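Enquirer: Numbering (my numbering), first residue to last: 12 to 647. Where a beta carbon is used, it is the ideal one built from N, C-alpha and C, also for glycine. These numbers come from a predicted model, not from an experiment. Just dropping this structure here.
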Amino acid sequence: MDAPTPSRYAATYAAWKADPVGFWAEAAKAIDWFTPATKVFDPDQGAYGRWYVGATCNTCHNAVDRHAADHPDRTAVIYDSPVTGTKRTISYAELKDEVATFAAVLQDLGVGKGDRVIVYMPMVPEAMVAMLACARIGAVHSVVFGGFAAKELATRIDDCHPKVIVSASCGIEGARVIAYKPLLDGAIDLALSKPSACVILQRPQVEASLVAGRDHDWQGLVTHAKARGRQADCVAVAATDPLYVLYTSGTTGKPKGVVRDNGGHMVALAWSMTNLYGIAPGEVFWAASDVGWVVGHSYIVYAPLFIGATSILYEGKPVGTPDPGAYWRVIAEHGVKALFTAPTAFRAIKKEDPNAEHLKRYALAGFRTLFLAGERADPDTVLWAEKMLGVPVIDHWWQTESGWCMVGNPVGLGLLPVKPGSPTVPMPGYDVRVVDEAGHDMPARTMGSIVVRLPLPPGALPTLWQQDDRFKDGYLTQFPGFYSTSDAGFIDEDGYLYIMGRTDDIINVAGHRLSTGGMEEVLSAHPDVAECAVIGMADSLKGEVPCGFVVLKAGVNKEPAEIERELVALVRDKIGPVAAFKLAITVQRLPKTRSGKILRGTMKKIADGVEWSVPATIDDPAVLAEIEDALKLRRR
Numbered sequence: 012m013d014a015p016t017p018s019r020y021a022a023t024y025a026a027w028k029a030d031p032v033g034f035w036a037e038a039a040k041a042i043d044w045f046t047p048a049t050k051v052f053d054p055d056q057g058a059y060g061r062w063y064v065g066a067t068c069n070t071c072h073n074a075v076d077r078h079a080a081d082h083p084d085r086t087a088v089i090y091d092s093p094v095t096g097t098k099r100t101i102s103y104a105e106l107k108d109e110v111a112t113f114a115a116v117l118q119d120l121g122v123g124k125g126d127r128v129i130v131y132m133p134m135v136p137e138a139m140v141a142m143l144a145c146a147r148i149g150a151v152h153s154v155v156f157g158g159f160a161a162k163e164l165a166t167r168i169d170d171c172h173p174k175v176i177v178s179a180s181c182g183i184e185g186a187r188v189i190a191y192k193p194l195l196d197g198a199i200d201l202a203l204s205k206p207s208a209c210v211i212l213q214r215p216q217v218e219a220s221l222v223a224g225r226d227h228d229w230q231g232l233v234t235h236a237k238a239r240g241r242q243a244d245c246v247a248v249a250a251t252d253p254l255y256v257l258y259t260s261g262t263t264g265k266p267k268g269v270v271r272d273n274g275g276h277m278v279a280l281a282w283s284m285t286n287l288y289g290i291a292p293g294e295v296f297w298a299a300s301d302v303g304w305v306v307g308h309s310y311i312v313y314a315p316l317f318i319g320a321t322s323i324l325y326e327g328k329p330v331g332t333p334d335p336g337a338y339w340r341v342i343a344e345h346g347v348k349a350l351f352t353a354p355t356a357f358r359a360i361k362k363e364d365p366n367a368e369h370l371k372r373y374a375l376a377g378f379r380t381l382f383l384a385g386e387r388a389d390p391d392t393v394l395w396a397e398k399m400l401g402v403p404v405i406d407h408w409w410q411t412e413s414g415w416c417m418v419g420n421p422v423g424l425g426l427l428p429v430k431p432g433s434p435t436v437p438m439p440g441y442d443v444r445v446v447d448e449a450g451h452d453m454p455a456r457t458m459g460s461i462v463v464r465l466p467l468p469p470g471a472l473p474t475l476w477q478q479d480d481r482f483k484d485g486y487l488t489q490f491p492g493f494y495s496t497s498d499a500g501f502i503d504e505d506g507y508l509y510i511m512g513r514t515d516d517i518i519n520v521a522g523h524r525l526s527t528g529g530m531e532e533v534l535s536a537h538p539d540v541a542e543c544a545v546i547g548m549a550d551s552l553k554g555e556v557p558c559g560f561v562v563l564k565a566g567v568n569k570e571p572a573e574i575e576r577e578l579v580a581l582v583r584d585k586i587g588p589v590a591a592f593k594l595a596i597t598v599q600r601l602p603k604t605r606s607g608k609i610l611r612g613t614m615k616k617i618a619d620g621v622e623w624s625v626p627a628t629i630d631d632p633a634v635l636a637e638i639e640d641a642l643k644l645r646r647r
């Protein structure tokens, strides 16, 4: 076996640290600019400075037009929908034609530069077309996860005031068909701000009724535009103009609209595709996410296209569409070089197929790397995936706010040693620290708050939509000179970061600060446990005590009570009596968002007996009742 190629990471990171402006000026050469920046970075603009000030550009040109000109027949998008039995390959030339036509449709509906368009769509090519069409004409898109409740959609309508909403008659979630149009109509009724028009893609599973004078049929508008030869050109926008607004959960009733600009976004994502993910032009990259989440924005719609690669758009699940071999089929059939998904997807596969029997049906010879992100990747899942796939499994850490990876293992620069449980090291642009409550650096392996020294790099949010003060108060005030990630963890002697949970996942047990993530790591190592969640429950004596919820692997024959006793003993052995871990509860499912994140905060409220509500992002609300029943049963 050949010796591994030495990583260029250390030299690359040192080069950024020595000359940040020069580093990002060089990276910007990968992008076509209409006019160059007068200042690569201006510290006097915005909350912490702005990147590529004075430059003009167009995101759609960089994602579509320049590749359509250079290699028109290269595949841009592969649409694979096991829930409908549909597969479609779209070349860069075809994508340009569809995007330019739909951009003209939007213009004919009165959408112009700076106007907002909400995209409320399932995982279909038209969702990508709508987003890129907005970028083409300088409109600001705001994608809302298809099937979101009417009330939640209404709050986003009232926050960004869209001129047009683009939607579909339905979405398909596994075996469920969800009609979108009644939800959209309900949201518009609730909202104070009303769109001037809605464009509805009719899908064969459900036909939506259209409101006269407001609603338009997607295909009818596109057919009419093509008949007239209508196509929109790319509109020049400032690099600092917003490309999109993406809403993330907030602690108040008002949603947080994360703003992404055009210039910095392109530079950061293009750099990451080559240097982090190790993908070359023409290769196939698959981000198994949804366009409603930041991963879908960054690594389905934009980043692969910026470098002329091929992006997979998948309408399905890791299991159940039709079986736990779904991901292996897509990788084998389409020649995927790297997959990016959430750890929860692999926990689901591992639960249903612990010995990866379905994997044996497929040849994954060209598959190189598995990337995990979106939540903490427990070491057991990482090691299982490594063993079954025989490729590097790379955990990496980022947020909706950052837009791309903050801490990872840069495959394109040469793989660093993998340490299960750690997303590895900071990417250029991110000076990551672990600090105490006063902002002082913590010693190695000592837990604290994870912060990033300002300024944030290109690609990160410059502010929140129409909420500059909230942005400063929420992210920049607690630790002056730093961006607060609200995550907690530690850095080891080699500079590797470990994310142990959100800062509110650090529980105080009789004065001892303990990580629920550390306890989850112990529970997930048990051979019968598929996935788990640990929360801190209010306790009159100790302040808080941990409670673990576990889902067992398929085919486990032992009694749950026996496994629960083993788990209590395991935490006592690995962490110690100080953890006061005495309650493990076996459940059939854990409550999750539709992106796969476990709803630990809601679980804690249920356990504490305080008022709680069903989160808008939940995949199946019935699971919360199951958690409530399981807790009541154990308390009797």
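For T262, count neighbouring C-beta atoms within 10 Å of its own C-beta (all shown protein chains included) and say buried if the count is 16 or more, exposed if not.
Expert: Confidence in T262 is poor, its pLDDT being 46 and thus under 50, which makes the residue's placement unreliable; the coordinate value appears in the next sentence. Burial call: exposed.
Enquirer: Since A243 and A114 should fall inside the 8 Å C-beta cutoff, what is the C-beta to C-beta distance between them, to a whole number of angstroms?
Expert: Indeed, because the Cβ distance is near 4 Å, the residues count as touching under 8 Å.
Enquirer: Which word fits G559, buried or exposed, when buried means at least 16 other C-beta atoms lie within 10 angstroms of its C-beta?
Expert: Buried, because 16 or more other Cβ atoms sit within 10 Å of the Cβ of G559.
Enquirer: Quick one: Cα of P193 to Cα of T95, how far?
Expert: Approximately 22 Å, taken between the alpha carbons.
Enquirer: Is K398 helix, strand or coil by DSSP?
Expert: It is helical.
Enquirer: Starting from I199, trace the alpha helix (DSSP H) both ways and give me its first and last residue.
Expert: From DSSP, the alpha helix (DSSP H) with I199 extends over K192 to L201.
Enquirer: Considering just the uninterrupted stretch of the beta strand (DSSP E) at D550, what are its terminal residues?
Expert: First-last of the beta strand (DSSP E) with D550: V540 to D550.
Enquirer: Could you tell me which residues DSSP pairs with H227 in its beta bridges?
Expert: According to DSSP, H227 bridges with V210.
Enquirer: Compute the Euclidean distance between the alpha carbons of Q230 and C71, then round it to the nearest angstrom.
Expert: Taking the straight line joining both Cα atoms gives about 22 Å.
Enquirer: Is the stretch 586-604 close to the stretch 617-631, with three or more CB pairs under 8 Å?
Expert: Touching, per the Cβ criterion.
Enquirer: Does the distance from the CB of W44 to the CB of F34 come in under 8 Å?
Expert: Not a contact, by the Cβ cut-off of 8 Å.
Enquirer: Hey, could you find the ends of the beta strand (DSSP E) V511 is sitting in?
Expert: Rather than Val, the amino acid found at residue 511 in this sequence is Met. Where M511 is concerned, the enclosing beta strand (DSSP E) stretches over L508 to R513.
Enquirer: Using only the alpha-carbon positions, how far apart do E397 and V404 sit?
Expert: The straight-line gap from Cα to Cα measures roughly 6 Å.
Enquirer: Please go through the same chain and pick out, in chain order, the residues whose beta-carbon is closer than 6 Å to the beta-carbon of P173, but skip the five residues on each side of it.
Expert: Once the five neighbours on either side are set aside, the close Cβ partners of P173 are R127, V128, I129 and P206.
Enquirer: Please name the residue, chosen from A111, I574, T97 and A74, that lies closest to T332 on a Cα-to-Cα basis.
Expert: It is T97 whose Cα lies nearest to the Cα of T332.
Enquirer: Hey, quick one: how far does the beta strand (DSSP E) through F382 stretch, first residue to last?
Expert: Start and end: T380 to L383.
Enquirer: Hey, quick one: how far does the alpha helix (DSSP H) through P354 stretch, first residue to last?
Expert: Counting along the chain, the alpha helix (DSSP H) containing P354 begins and ends at P354 to E363.
Enquirer: Ends of the beta strand (DSSP E) at N519?
Expert: Run containing N519: I517 to V520, per the beta strand (DSSP E) assignment.
Enquirer: Determine the extent of the beta strand (DSSP E) in which T597 is found, giving its start and end residues.
Expert: A595 to T597 is the span of the beta strand (DSSP E), which, as asked, contains T597.
Enquirer: Do V445 and I461 come within 8 Å of each other at the CB atom, strictly closer than that value?
Expert: Taking 8 Å as the Cβ cut-off, I461 and V445 qualify as a contacting pair.
Enquirer: Between I318 and A281, how many whole angstroms is the CB-CB distance? I'm expecting something under 8 Å.
Expert: The Cβ separation is near 6 Å, so the contact holds.
Enquirer: Would you list the one or two residues that DSSP bridges to I101?
Expert: According to DSSP, I101 bridges with V88.
Enquirer: Where does P215 land, buried or exposed, given buried means 16+ other C-beta within 10 angstroms?
Expert: It counts as exposed.
Enquirer: Starting from the C-beta of Q118, find all residues in its chain whose C-beta is less than 8 Å away, skip the five residues before and the five after it, and write them out in chain order.
Expert: Closer than 8 Å at Cβ, skipping near neighbours: I148 and A243.
Enquirer: Quick check on I311: does DSSP put it in helix, strand or coil?
Expert: Reduced to three states, the DSSP call for I311 is helix.
Enquirer: Taking its Cβ as the centre, do 16 or more other Cβ atoms sit within 10 Å of E532, making it buried, or is it exposed?
Expert: Buried, since its Cβ has 16 or more Cβ neighbours within 10 Å.
Enquirer: DSSP has P253 in a bridge; who is on the other side?
Expert: Paired residue(s): D272.
Enquirer: Does H451 pass the burial test, meaning 16 or more other C-beta atoms within 10 Å, or should it be called exposed?
Expert: Classification for H451: exposed.
Enquirer: What residues match up with S460 in a beta bridge as DSSP calls it?
Expert: Paired residues: V446 and A499.
Enquirer: DSSP on T392, reduced to helix/strand/coil?
Expert: Of the three classes helix, strand and coil, the one that applies to T392 here is helix, per DSSP.
Enquirer: Judging by CA-CA distance, which residue of M458, F482, R464 and P454 is the nearest neighbour of V491?
Expert: In the sequence as displayed, the identity of residue 491 is Pro instead of Val. For P491, the nearest C-alpha among the options comes from R464.
Enquirer: V446: beta carbon under 7 Å from a heavy atom of the ligand ZN?
Expert: Inclusion of the ligand ZN in the displayed structure is not the case, the ligand content being empty and no account of it being possible.
Enquirer: DSSP state of H78, grouped into three classes?
Expert: Of the three classes helix, strand and coil, the one that applies to H78 here is helix, per DSSP.
Enquirer: Following the continuous beta strand (DSSP E) through E184, name the residue where it begins and the one where it ends.
Expert: Element bounds for E184: C181 to E184.
Enquirer: Mapping the DSSP letters down to three states, classify P17 as helix, strand or coil.
Expert: Reduced to three states, the DSSP call for P17 is coil.
Enquirer: At which residues does the alpha helix (DSSP H) containing I129 begin and terminate?
Expert: No alpha helix (DSSP H) contains I129, which is instead part of the beta strand (DSSP E) from R127 to Y131.
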